[in-house]
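What follows is one structure encoded as structure tokens, with my remarks underneath.
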Amino acid sequence: LEEYDTELKEGPVGKDLKKVRNVKPLWSNNGLMTSLVLGGFDMWTNTLGFSLLGTKKHRKSDAEATGEAANFEPIDYPKPDGKLSFDRLTNVSFSFTNHEESQPAHLKLKDPSVPIDVNVPKYAEPAQRYCPAGVYEVVDDKFVINFQNCVHCKTCDIKDPSQNIVWTVPQGGDGPNYPNM
Numbered sequence: 016l017e018e019y020d021t022e023l024k025e026g027p028v029g030k031d032l033k034k035v036r037n038v039k040p041l042w043s044n045n046g047l048m049t050s051l052v053l054g055g056f057d058m059w060t061n062t063l064g065f066s067l068l069g070t071k072k073h074r075k076s077d078a079e080a081t082g083e084a085a086n087f088e089p090i091d092y093p094k095p096d097g098k099l100s101f102d103r104l105t106n107v108s109f110s111f112t113n114h115e116e117s118q119p120a121h122l123k124l125k126d127p128s129v130p131i132d133v134n135v136p137k138y139a140e141p142a143q144r145y146c147p148a149g150v151y152e153v154v155d156d157k158f159v160i161n162f163q164n165c166v167h168c169k170t171c172d173i174k175d176p177s178q179n180i181v182w183t184v185p186q187g188g189d190g191p192n193y194p195n196m
């Protein structure tokens, strides 16, 4: 895997990503207008083979950057039309995800009380929204993990504001199988 990492970083993908590496940290740290100017300048100098800004860092992790629900209006998304847009479970079916239902869950909670006692009142339990596969639900004041739908993106391990969800490798190598890719 070391060769893969080296080839990825030194190949065309790595070269393209290196040119834009500062865009998101600049935006997060300086606001839109300043970041557009600095980001454009940085990308331009990168095409010349250097960067005056070096590599900027994010001030906060994704988990720390999660805002409290009281500071936001709920978004009313349009219903999927079944032609161009689909519900989450239909999208999960395209990944051919397979987990044995009898196997131990590979998504674990450090403290099972945190989703309901902390995340619901403070953040409106964001796992219900940030998980692209709809693995997490709050049903009748209970936090439900539908691990069988997990597509192994690890967003929950990164984004959970309480850092309470731990993603582990599932038993038997189960998970998504993208046959048409």
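Residue 25 in this note's numbering sits at position 10 of the sequence shown, with consecutive numbering throughout.
C-beta: ideal position from N, C-alpha, C; glycine also.
Just tell me which of the options has its CA closest to the CA of residue i.
i	options	result
R74	F56, G46 and V153	G46
V35	L51, L104 and G188	L51
I180	Y193, G55 and Y145	Y145
E116	E25, S100, K174 and I160	I160
A142	D126, C171, T21 and Q118	C171
Use the C-beta contact count for residue i: other C-beta atoms within 10 angstroms, 16 or more gives buried, fewer gives exposed.
i	result
D156	exposed
N164	buried
N86	exposed
S128	exposed
Y193	exposed
V107	buried
D240	This structure does not reach residue 240, given that the chain is present from 16 up to 196, and the question cannot be answered.
F158	buried
D175	buried
Just curious, the alpha helix (DSSP H) that residue i is in, first and last residue?
i	result
I90	Segment: none, I90 is in no alpha helix (DSSP H) and carries neither H nor E.
E116	It is not in any alpha helix (DSSP H) - E116 carries neither H nor E in the DSSP assignment.
S100	That residue, S100, is in no alpha helix (DSSP H); it is neither H nor E in DSSP.
G29	P27 to K34
Mind checking which residues open and close the beta strand (DSSP E) that includes residue i?
i	result
E152	Y151 to V154
V159	K157 to I160
I180	I180 to W182
Beta-carbon within less than 7 Å of residue i's beta-carbon, same chain only, minus the 5 sequence neighbours each way: which residues are those?
i	result
H167	G190 and P191
F162	H114, A120, H121, L122 and V150
S43	H73 and R74
Cutting at 8 Å between CB atoms, please list the residues of its own chain near residue i, excluding the five before and the five after it.
i	result
S66	N37, D57 and T60
T81	Y138, P141, K174 and P176
For residue i, collect the residues of the same chain with a Cβ closer than 6 Å to its Cβ; drop the 5 residues on either side in sequence, then sort them by chain order.
i	result
P95	F101 and D102
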